[in-house]
Amino acid sequence: KNFVCVVNVQHNCIDSGCAGSVYSTIRQERSETMRTRAAVCHEPMRKFFLNVYSIHNYAHILTTLPFSL
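Take a look at the structure:
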């Protein structure tokens, strides 16, 4: 297959209803530490944000999208 360009998409947390934060233990050299870090718990959904005004791929992106968008 021929690739024309690469795009970066972002998960739509607002419409997906992703939970605030979950905490996991930080590991250091295969051992758990007493420190934790917050992470977002993403819900599965096939809605993403696509930056159609990307500087490098603008023309290629627009040719693949429906005119109604």
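Numbering of the sequence shown is given in our numbering, commencing with residue 385 and proceeding in unit increments.
Just so it is clear, CB atoms sit at the ideal spot from N, CA and C, and this is done for glycine as well.
Treat the numbers as computed from the prediction; the structure is a model and nothing was measured.
Taking the straight line between their C-alpha atoms, what separation do you get for residue i and residue j?
i, j, result
"Val390", "Pro450", "18 Å"
"His444", "Glu413", "44 Å"
"Ser415", "His426", "26 Å"
"Tyr463", "Arg419", "With the chain represented from 385 up to 453, any question about residue 463 goes unanswered, as that position is not in the structure."
"Thr409", "Ala422", "9 Å"
"His440", "Thr447", "14 Å"
With the cut-off set at 8 Å, would you say residue i and residue j are in Cβ contact?
i, j, result
"Val388", "Cys402", "no"
| Would you say the region 390–407 touches the region 415–434, given that touching needs at least three Cβ pairs under 8 Å? | yes
| request: Output the residue ranges of the alpha helix (DSSP H) runs that lie fully inside the region 408–449 and measure 4 residues or longer, sorted by chain position. | output: 442–448
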